[in-house]
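So the sequence lines, in the order shown, correspond to chains A and B. Letter by letter, the first sequence follows residues 1 to 405 in UniProt numbering. Letter by letter, the second sequence follows residues 1 to 405 in UniProt numbering. Heads up: the structure comes next, in structure tokens.
2 protein chains.
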Amino acid sequence: MIDWDARYAKRAGRMAASEIRELLKLLEQPDIISFAGGIPDPALFPQAEIAASYHGILSDPARAAAALQYSVSEGYPPLREWLAGYMANLGVPCGRDNIIITNGSQQALDFLGRLFINPGDPVLVSDPTYLGALQAFNSYEPSYVHFPHDLAGAAGFEPGGAKPAFGYIMPDFQNPTGVSMDMAEREAVLGLTHKLDIPLIEDAAYEKLRYDGEPLPPLLALECERAGGIDNGRVIYCGTFSKTVVPALRLGWVVAPREVIRKLVLIKQASDLHSATLNQMVMFEVASKTLDANIGRIRSTYKARRDAMLAALESHMPQEVTWTKPLGGMFIWVTMPERLDGAKVLHRAIDEARVAFVPGGAFRSDASGRNTFRLSFSLSDVDSIAKGIERLGDVLKSAIEANAD
Amino acid sequence: MIDWDARYAKRAGRMAASEIRELLKLLEQPDIISFAGGIPDPALFPQAEIAASYHGILSDPARAAAALQYSVSEGYPPLREWLAGYMANLGVPCGRDNIIITNGSQQALDFLGRLFINPGDPVLVSDPTYLGALQAFNSYEPSYVHFPHDLAGAAGFEPGGAKPAFGYIMPDFQNPTGVSMDMAEREAVLGLTHKLDIPLIEDAAYEKLRYDGEPLPPLLALECERAGGIDNGRVIYCGTFSKTVVPALRLGWVVAPREVIRKLVLIKQASDLHSATLNQMVMFEVASKTLDANIGRIRSTYKARRDAMLAALESHMPQEVTWTKPLGGMFIWVTMPERLDGAKVLHRAIDEARVAFVPGGAFRSDASGRNTFRLSFSLSDVDSIAKGIERLGDVLKSAIEANAD
Numbered sequence: 001m002i003d004w005d006a007r008y009a010k011r012a013g014r015m016a017a018s019e020i021r022e023l024l025k026l027l028e029q030p031d032i033i034s035f036a037g038g039i040p041d042p043a044l045f046p047q048a049e050i051a052a053s054y055h056g057i058l059s060d061p062a063r064a065a066a067a068l069q070y071s072v073s074e075g076y077p078p079l080r081e082w083l084a085g086y087m088a089n090l091g092v093p094c095g096r097d098n099i100i101i102t103n104g105s106q107q108a109l110d111f112l113g114r115l116f117i118n119p120g121d122p123v124l125v126s127d128p129t130y131l132g133a134l135q136a137f138n139s140y141e142p143s144y145v146h147f148p149h150d151l152a153g154a155a156g157f158e159p160g161g162a163k164p165a166f167g168y169i170m171p172d173f174q175n176p177t178g179v180s181m182d183m184a185e186r187e188a189v190l191g192l193t194h195k196l197d198i199p200l201i202e203d204a205a206y207e208k209l210r211y212d213g214e215p216l217p218p219l220l221a222l223e224c225e226r227a228g229g230i231d232n233g234r235v236i237y238c239g240t241f242s243k244t245v246v247p248a249l250r251l252g253w254v255v256a257p258r259e260v261i262r263k264l265v266l267i268k269q270a271s272d273l274h275s276a277t278l279n280q281m282v283m284f285e286v287a288s289k290t291l292d293a294n295i296g297r298i299r300s301t302y303k304a305r306r307d308a309m310l311a312a313l314e315s316h317m318p319q320e321v322t323w324t325k326p327l328g329g330m331f332i333w334v335t336m337p338e339r340l341d342g343a344k345v346l347h348r349a350i351d352e353a354r355v356a357f358v359p360g361g362a363f364r365s366d367a368s369g370r371n372t373f374r375l376s377f378s379l380s381d382v383d384s385i386a387k388g389i390e391r392l393g394d395v396l397k398s399a400i401e402a403n404a405d
Numbered sequence: 001m002i003d004w005d006a007r008y009a010k011r012a013g014r015m016a017a018s019e020i021r022e023l024l025k026l027l028e029q030p031d032i033i034s035f036a037g038g039i040p041d042p043a044l045f046p047q048a049e050i051a052a053s054y055h056g057i058l059s060d061p062a063r064a065a066a067a068l069q070y071s072v073s074e075g076y077p078p079l080r081e082w083l084a085g086y087m088a089n090l091g092v093p094c095g096r097d098n099i100i101i102t103n104g105s106q107q108a109l110d111f112l113g114r115l116f117i118n119p120g121d122p123v124l125v126s127d128p129t130y131l132g133a134l135q136a137f138n139s140y141e142p143s144y145v146h147f148p149h150d151l152a153g154a155a156g157f158e159p160g161g162a163k164p165a166f167g168y169i170m171p172d173f174q175n176p177t178g179v180s181m182d183m184a185e186r187e188a189v190l191g192l193t194h195k196l197d198i199p200l201i202e203d204a205a206y207e208k209l210r211y212d213g214e215p216l217p218p219l220l221a222l223e224c225e226r227a228g229g230i231d232n233g234r235v236i237y238c239g240t241f242s243k244t245v246v247p248a249l250r251l252g253w254v255v256a257p258r259e260v261i262r263k264l265v266l267i268k269q270a271s272d273l274h275s276a277t278l279n280q281m282v283m284f285e286v287a288s289k290t291l292d293a294n295i296g297r298i299r300s301t302y303k304a305r306r307d308a309m310l311a312a313l314e315s316h317m318p319q320e321v322t323w324t325k326p327l328g329g330m331f332i333w334v335t336m337p338e339r340l341d342g343a344k345v346l347h348r349a350i351d352e353a354r355v356a357f358v359p360g361g362a363f364r365s366d367a368s369g370r371n372t373f374r375l376s377f378s379l380s381d382v383d384s385i386a387k388g389i390e391r392l393g394d395v396l397k398s399a400i401e402a403n404a405d
């Protein structure tokens with residue numbers, strides 16, 4: 001029998017199972033109130049429009065033949081054309097040659113890791129940061145350095161060591177903390193990437209899910225102004241339809257200088273040829289017809305859940321516990337006393353209270369921050385949120401008492 | 001402005017545009033007879049069944065919600081269960097834990113390159129071999145060594161140098177040559193991988209497209225017998241629905257020891273989370289209902305086209321030109337006199353005769369074999385095949401005469 005471990009490439013040592021993905025399996029137990037996955041509520045999916053679009057395309061023989069056939073690696077041209085208009089509305093003047101379609105933004109992160117990371121290269125990330133980004137980048141064996149916690153002072157920051165392969169940041173309603181960057185922080189982070197002369201990957205997954213205040217420009221929009229056009233800039237923007245339409249068609253996009261898009265097209269070709277043609281045609285129809293109309297309902301639903309979760313935390317959490325107050329997105333980040341471990345508390349929460357969340361350690365490139373966890377408010381109704389947080393408060397009170405003496 | 005070339009990882013130097021994918025753009029010119037892409041005929045797609053399946057799933061609110069939501073990285077369990085039965089019919093006893101769903105077999109090749117290739121590792125491939133495999137593996141910076149041309153003597157072959165990361169071979173109707181391995185060759189290649197103690201990747205993309213003779217067992221079936229069960233074996237089998245159902249849902253699968261599947265699931269999670277849930281549900285319904293019934297029509301259509309192309313080659317090619325006689329698949333491999341270059345002949349063929357094919361150099365890991373090219377007979381009707389090959393014969397006659405003196 002073959003010794004598989006001896007045959008795997010060195011990078012396989014960095015491939016580890018995700019706590020979140022394993023936790024998804026818990027969702028199948030109906031009595032669990034899960035605040036774990038960053039999962040959209042299927043009641044908000046434009047199901048009728050999606051069904052009508054598949055039906056329309058597949059009942060027209062000529063369109064069906066094109067929809068079921070191989071297509072170009074760049075992505076369906078009308079979808080890329082529509083996205084160019086979408087980006088223009090965000091202050092990013094660009095053409096369809098600045099855009100490639102990917103299988104969700106997860107695939108974009110994988111491709112960007114492949115394009116930029118040599119083994120051992122530092123990558124500059126937030127701490128904590130999106131778990132899926134760490135997983136995608138780990139295949140290419142980077143080391144990690146962290147943006148300073150005070151982002152407003154980032155322009156003067158000196159990470160030391162080798163030049164990072166790139167910076168990676170989520171400016172709006174970050175996964176996992178829910179925290180957003182203000183204008184000064186955006187400018188300072190851009191300034192840092194100019195000083196270091198490195199690319200900056202902007203992950204805009206939650207950008208459209210703002211519940212309070214006015215939208216701020218994407219880093220890519222600020223960079224287009226600063227650099228005099230998208231093709232002169234250094235920001236690579238990753239968008240996704242997973243949070244605003246549906247996740248399971250697996251469609252996202254990258255906006256970048258044409259030079260970078262050309263390389264990503266070669267990577268797409270080598271990786272899986274192209275994203276499903278039919279799904280791209282459907283997404284073009286559904287997004288162009290329904291995204292603007294549906295986003296209001298999505299925002300008001302999630303806003304009510306965020307408010308319910310913040311109110312329940314206020315009512316039920318012991319005073320030693322603190323949490324973020326996000327202006328949008330899907331997540332609240334909870335900090336317990338240092339002596340508590342999120343992973344241990346999770347097991348108690350599931351066993352004693354039938355409540356799930358994601359321990360904070362999953363979002364870190366090192367073993368720090370074990371006393372934190374991420375709550376998602378997107379999938380549960382307000383009653384379940386109130387009930388779940390009350391039960392979780394009891395678990396935390398008892399954990400804190402047990403560890404107090 | 002950023003110096004992108006200086007920022008790319010070293011592996012980006014191995015990413016080059018595919019001649020085939022660029023050629024796909026020629027298909028948009030209606031007066032070209034294209035024998036270029038290995039593209040299935042959309043008239044053979046089970047369009048009605050696909051349309052009915054999307055409609056059935058999306059008109060049931062509960063199924064629609066599941067179909068549009070995030071799902072597990074392994075793939076849709078009923079599809080994997082059905083594939084376990086499909087593999088059992090090929091002589092491969094396995095369970096659904098031996099199977100992962102990928103975005104076509106192209107993604108499987110990318111993942112397997114990632115799992116096994118360290119930079120500089122030799123990979124053992126046929127010469128010529130599938131262009132997409134070279135593209136997928138190149139991301140991980142291998143070198144290449146070649147199986148001997150006499151595969152029946154492979155068991156005694158000594159590639160020399162470092163141990164290869166794996167062997168990669170397509171036993172049935174190989175892309176690009178159309179050539180198949182007989183039983184002795186299959187046993188010899190397996191014997192070689194046992195002697196070298198390396199994994200063997202079996203690409204079964206065209207396996208079901210046999211037009212003459214009896215099917216031979218997949219290498220994986222032979223290895224299951226030899227090793228005493230799939231989990232003890234060293235063969236990793238890549239299948240696809242692209243040639244038997246439709247390509248654009250981007251669905252394929254890998255069958256391997258559970259140990260290897262577990263690693264591939266982690267790679268899938270990091271790469272794009274999972275393949276589109278809805279497409280997997282549709283493929284399960286359509287493949288389980290129609291694959292066996294449709295395959296006869298697919299075979300008889302392509303068989304007639306192969307016969308037409310072989311007859312036209314016999315009638316119109318100059319005597320210095322030779323070609324393979326495939327028992328199945330989509331391709332015939334043409335060898336011209338050594339002094340001719342397939343890429344130059346292609347440009348004349350397009351300009352003078354409005355006929356396209358793929359120059360043989362694209363299928364080689366080095367610059368050898370420039371005097372060859374690949375013809376695909378899958379997409380053109382028999383009249384176009386007769387006309388196109390006649391025109392191509394004239395181009396070759398004139399090219400041979402021009403180079404004769």
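Ideal Cβ placement from N, Cα and C applies to all residues, glycine included.
Where Ser384 (chain B) sits in the DSSP three-state scheme: Against the second sequence, residue 384 (chain B) aligns to sequence position 384. Ser384 (chain B): helix per DSSP, three-state reduction.
9 Å Cβ cutoff, Lys208 (chain A) in contact with chain B: As a first step, residue 208 (chain A) must be located in the first sequence, where it is residue number 208. Output row for Lys208 (chain A): interface = no.
Contact the stretch 279-297 of chain B vs the stretch 108-128 of chain B: 3+ CB pairs below 8 Å: no
Test: Val125 (chain B) CB closer than 9 Å to a CB of chain A: Along the second sequence, read from residue 1 onward, the residue named residue 125 (chain B) stands at position 125. Closer than 9 Å: no.
Minimum Cβ-Cβ distance from Thr102 (chain A) to chain B less than 9 Å: Within the first sequence, residue 102 (chain A) is the residue found at index 102, counting from 1. At least one chain B Cβ lies under 9 Å of Thr102 (chain A).
Backbone CA spacing between Lys344 (chain A) and Glu320 (chain A) [nearest angstrom]: In the first sequence, the residue the question calls residue 344 (chain A) occupies position 344. In the first sequence, the residue the question calls residue 320 (chain A) occupies position 320. Approximately 17 Å, taken between the alpha carbons.
Nearest residue (CA-CA) to Trp176 (chain A), options A:Gly104, A:Cys238, A:Val355 and A:Ser376: In the first sequence, the residue the question calls residue 176 (chain A) occupies position 176. A quick correction: the sequence has Pro, not Trp, at residue 176 (chain A). If we check each option's Cα against that of Pro176 (chain A), A:Ser376 comes out closest.
For Pro359 (chain A) and Arg80 (chain B), the rounded distance between their alpha carbons: For the purposes of this step, residue 80 (chain B) is taken as residue 80 along the second sequence, with counting starting at 1. For the purposes of this step, residue 359 (chain A) is taken as residue 359 along the first sequence, with counting starting at 1. Whole-angstrom Cα-Cα distance: 31 Å.
Nonlocal neighbours in the same chain, by C-beta distance under 8 Å from Arg14 (chain A), ignoring five residues either side: Within the first sequence, the letter at position 14 stands for residue 14 (chain A). Around Arg14 (chain A): Asn138, Ser139 and Glu141.
Outcome for Arg339 (chain B) when other beta-carbon atoms lying within 10 angstroms are tallied against a minimum of 16: On the second sequence, position 339 is the one that residue 339 (chain B) refers to. Exposed, by the Cβ-count rule.
Whether Ile32 (chain B) touches Leu379 (chain B) by CB criterion (9 Å): As a position in the second sequence, residue 32 (chain B) is number 32, starting the count at 1. As a position in the second sequence, residue 379 (chain B) is number 379, starting the count at 1. For Ile32 (chain B) and Leu379 (chain B), no; Cβs fall outside 9 Å.
Coarse secondary structure for Asp405 (chain B), derived from DSSP in three states: As a first step, residue 405 (chain B) must be located in the second sequence, where it is residue number 405. Per-residue confidence for Asp405 (chain B) stands at a pLDDT of 48, beneath the threshold of 50, marking its modelled position as unreliable; the derived number appears in the next sentence. Coil.
For Pro42 (chain A) and Leu68 (chain B), believed in contact at Cβ under 8 Å, the rounded distance: Your numbering for residue 68 (chain B) matches position 68 in the second sequence. Your numbering for residue 42 (chain A) matches position 42 in the first sequence. The pair is a contact, with the Cβ atoms about 6 Å apart (cut-off 8 Å).
Proximal chain A residues relative to Pro10 (chain B), where beta-carbon distance stays under 8 Å: Residue numbering aside, residue 10 (chain B) sits at position 10 when the second sequence is read from its first letter. Going by the sequence as given, residue 10 (chain B) is Lys instead of Pro. Asn118, listed in chain order.
Trp4 (chain A) versus Lys195 (chain B): straight-line alpha-carbon distance, rounded: Numbered from its first residue, the first sequence carries residue 4 (chain A) at position 4. Numbered from its first residue, the second sequence carries residue 195 (chain B) at position 195. Going by the C-alpha atoms only, they are around 16 Å apart.
Within chain A, partners of Val246 (chain B) - CB distance below 8 Å: Here residue 246 (chain B) refers to the residue found at position 246 of the second sequence. The contacting residues are Leu68 and Gln69.
9 Å Cβ cutoff, His316 (chain A) in contact with chain B: For this step, residue 316 (chain A) is matched to residue 316 along the first sequence. His316 (chain A) does not count as touching chain B.
Start and end residues, beta strand (DSSP E) containing Arg374 (chain A): Position 374 of the first sequence, counted from the first residue, corresponds to residue 374 (chain A). Thr372 to Ser376 is the span of the beta strand (DSSP E), which, as asked, contains Arg374 (chain A).
Cβ neighbour criterion (16 or more within 10 Å) applied to Asp197 (chain B): Stepping through the second sequence from its first residue, residue 197 (chain B) is reached at position 197. Exposed, by the Cβ-count rule.
Beta bridge counterpart(s) of Val260 (chain A) as assigned by DSSP: Working through the first sequence from its first residue, we reach residue 260 (chain A) at position 260. Bridge partners of Val260 (chain A): none, in fact.
Candidates B:Gln174, B:Ala136, B:Gln135 and B:Pro122, of which the one nearest Pro159 (chain B) by Cα: On the second sequence, residue 159 (chain B) is found 159 positions in, with the first residue counted as 1. It is B:Pro122.
Rounded straight-line distance, which links the Cα of Lys268 (chain A) to that of Phe357 (chain B): Mapped onto the second sequence, residue 357 (chain B) falls at position 357. Mapped onto the first sequence, residue 268 (chain A) falls at position 268. Going by the C-alpha atoms only, they are around 23 Å apart.
Beta-carbon neighbours of Ile236 (chain A), restricted to chain B and to distances below 7 Å: For the purposes of this step, residue 236 (chain A) is taken as the residue at position 236 of the first sequence. Neighbours of Ile236 (chain A) on chain B: none; closest Cβ ~11 Å, over 7 Å.
Option in B:Phe157, B:Ala152, B:Ile236 and B:Gly153 with minimal Cα separation from Val145 (chain B): Walking along the second sequence from the start, residue 145 (chain B) turns up at place 145. Taking only the C-alpha atoms, the option nearest Val145 (chain B) is B:Phe157.
Top-ranked residue by Cα proximity to Ala248 (chain A), from B:Ala51, B:Ile298 and B:Val282: The residue you call residue 248 (chain A) lines up with position 248 of the first sequence. Ranking B:Ala51, B:Ile298 and B:Val282 by Cα distance to Ala248 (chain A) puts B:Val282 first.
Per-residue contacts from Gln47 (chain B) into chain A (C-beta, under 8 Å): As a position in the second sequence, residue 47 (chain B) is number 47, starting the count at 1. Those are Leu58, Pro61, Ala64, Ala65 and Leu68, listed as they occur along chain A.
Against chain B: residues of the stretch 260-291 of chain A by CB proximity under 8 Å: Val260, Lys263, Leu266, Ile267, Gln269, Ala270, Ser271, Asp272, Leu273, His274, Ser275, Ala276, Thr277, Leu278 and Asn279
Reference Leu151 (chain B), options B:Gly161, B:Met170 and B:Leu90, closest by Cα: Here the question's residue 151 (chain B) lines up with position 151 in the second sequence. Of the candidates B:Gly161, B:Met170 and B:Leu90, the one whose C-alpha sits nearest the C-alpha of Leu151 (chain B) is B:Met170.
Other residues of its chain near Gly91 (chain B): CB distance less than 6 Å, five sequence neighbours each side excluded: The residue you call residue 91 (chain B) lines up with position 91 of the second sequence. The answer, listed in chain order, is Pro217 and Ala221.
Nearest-angstrom Cβ-Cβ length linking Arg234 (chain A) and Thr193 (chain A), presumed shorter than 8 Å: On the first sequence, residue 234 (chain A) is found 234 positions in, with the first residue counted as 1. On the first sequence, residue 193 (chain A) is found 193 positions in, with the first residue counted as 1. Indeed, because the Cβ distance is near 6 Å, the residues count as touching under 8 Å.
Within 8 Å of chain B by C-beta, residues of the stretch 121-153 of chain A in sequence order: Asp121, Gly132, Gln135, Ala136, Asn138, Ser139 and Tyr140
Enclosing beta strand (DSSP E) for His55 (chain B) [first to last residue]: Mapped onto the second sequence, residue 55 (chain B) falls at position 55. Counting along the chain, His55 (chain B) falls outside any beta strand (DSSP E), though it belongs to the alpha helix (DSSP H) covering Gln47 to Leu58.
Pro326 (chain A) classed as buried or exposed, judged by whether at least 16 other C-beta atoms fall within 10 angstroms: On the first sequence, position 326 is the one that residue 326 (chain A) refers to. So Pro326 (chain A) ends up on the buried side.
Nearest-angstrom Cα separation, counted from Ser126 (chain B) out to Val179 (chain B): Within the second sequence, residue 179 (chain B) is the residue found at index 179, counting from 1. Within the second sequence, residue 126 (chain B) is the residue found at index 126, counting from 1. If you take the alpha carbons of Val179 (chain B) and Ser126 (chain B), they lie about 11 Å apart.
Whole-angstrom distance between Leu392 (chain B) and Glu314 (chain B), CA atom to CA atom: Here residue 314 (chain B) refers to the residue found at position 314 of the second sequence. Here residue 392 (chain B) refers to the residue found at position 392 of the second sequence. Distance between the alpha carbons of Glu314 (chain B) and Leu392 (chain B) is about 12 Å.
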